[in-house]
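Some notes on the structure that comes next.
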Amino acid sequence: MHTIVLATQKGGSGKSTLAIGLALAAKQAGFTVRLIETDPQGTLSNWSRRRNNHDVVVEPIYHAADFAPRLKMLADSGLQLAIVDTAAGLSAATTAAIRYSDLCLIPARPSVADIEATASTVSVARAWKRPYSFVLNQTPIRGQRIDNAANALAEEAALDLADVLARPLIVMRNDHQDSLASGLAVSEFAPSGKSTEEVRGLWRWIETRLELSAGNLLIDQVLSAVHEVLHAASGLSAGETTVLAS
Ligand SMILES: Nc1ncnc2c1ncn2[C@@H]1O[C@H](COP(=O)(O)OP(=O)(O)OP(=O)(O)O)[C@@H](O)[C@H]1O
Ligand SMILES: [Mg+2]
């Protein structure tokens, strides 16, 4: 199971909107998906109540200690994807969600305040050694402001932009607000709209990023196994040398 979390200190940057949009994009791509809500504001639960279809379950988890056991149960049940929507700020529940995630997505509008507010989330992801990416959301269709924002995010992460900035950028479009209000995801509300194309593209980018991260973890595991074998072998020859010497 993959677990992705949407987190940033700044309110209104699009965590809940993107969580819903990505959940349905992933479901339409064939994944089994659950939405997890740690935000007592209840944006996802309210959305779910407006929705006639209960095909995507919204599950609240408010206590940090409940995360690991619940995610394990979901993984054991065969679920393929859990998407966690967190509250603005940095609570214990958000920290736990990041800790147990495979990828932390940090949405930011192209504004100085949003970009500055990513710093604390980046620190938590780094502290738990979790992969993270920025999603520039509610952008104008084009303009200098986007490039400035993207460069500022790269500086914030001190990393190459291609590694940390998810693509495509998500443009400010009414479809996102209207779909949320009708209990739909944007890909259901406007299936052939630009907004849907962007969210589906974002899901494909995330899928690739998850596979790369899993690959890196696997390489780490193989390297550490090789290291252990070499270590054991060198220990053995040291022992043998001692026996021969005595
Ligand atoms: N790309 C977009 N285009 C237009 N409106 C958007 C877009 N993304 C989000 N919105 C709107 O911006 C508002 C805030 O979005 P949302 O509730 O998803 O943010 P949030 O980060 O979850 O906020 P909070 O921190 O309060 O939980 C909502 O009205 C939402 O519909
Ligand atoms: Mg929200």
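No gaps in the numbering here: position 48 of the sequence shown is 48 in full-length UniProt numbering, and each next residue is one more. Note that the Cβ used here is the ideal one computed from N, Cα and C, for glycine as well.
Considering residue i, what are the terminal residues of the beta strand (DSSP E) in which it resides?
i	result
N46	N46 -> not in any beta strand (DSSP E); alpha helix (DSSP H) instead, spanning T43 to R50.
V57	Element bounds for V57: n/a, residue is neither H nor E.
T3	H2 to L6
P69	Taken as a continuous stretch (DSSP letters only), P69 belongs to no beta strand (DSSP E), being part of the alpha helix (DSSP H) at F67 to D76.
L105	L103 to A108
With DSSP run on the structure shown, which of helix, strand or coil describes residue i?
i	result
P140	coil
L22	helix
P40	coil
L161	helix
V190	For the sequence presented, residue 190 should be read as Ala rather than Val. In this structure, A190 counts as coil in the three-state DSSP scheme.
L90	coil
L35	strand
S133	strand
Using CA atoms only, rank isn't needed, just tell me which of the options is closest to residue i.
i	options	result
K129	S213, G21, T17 and L6	S213
I170	C104, A26, V229 and I146	I146
R126	V164, S45, V33 and L202	V164
C104	G11, L223 and K15	K15
S77	G193, M1 and E211	M1
Which residues mark the beginning and the end of the alpha helix (DSSP H) in which residue i is found?
i	result
R126	A119 to A127
D114	V112 to E116
V84	Element bounds for V84: not the alpha helix (DSSP H) but the beta strand (DSSP E), L81 to D85.
Here's the rule I'm using: 16 or more other beta-carbon atoms within 10 Å means buried, otherwise exposed. How should residue i be labelled?
i	result
I141	exposed
E240	Only weak support exists for where E240 lies, its pLDDT of 46 falling under 50; the value from the coordinates is given anyway. E240 is exposed by the Cβ-count criterion.
V135	buried
T208	exposed
K72	exposed
H227	exposed
So is the beta-carbon of residue i under 8 Å away from any non-hydrogen atom of ligand 3?
i	result
T38	Ligand 3 is absent from the structure shown, which contains only ligand 1 and ligand 2.
Pocket of ligand 2 defined by Cβ to heavy atom distance under 5 Å: K15, S16 and T43
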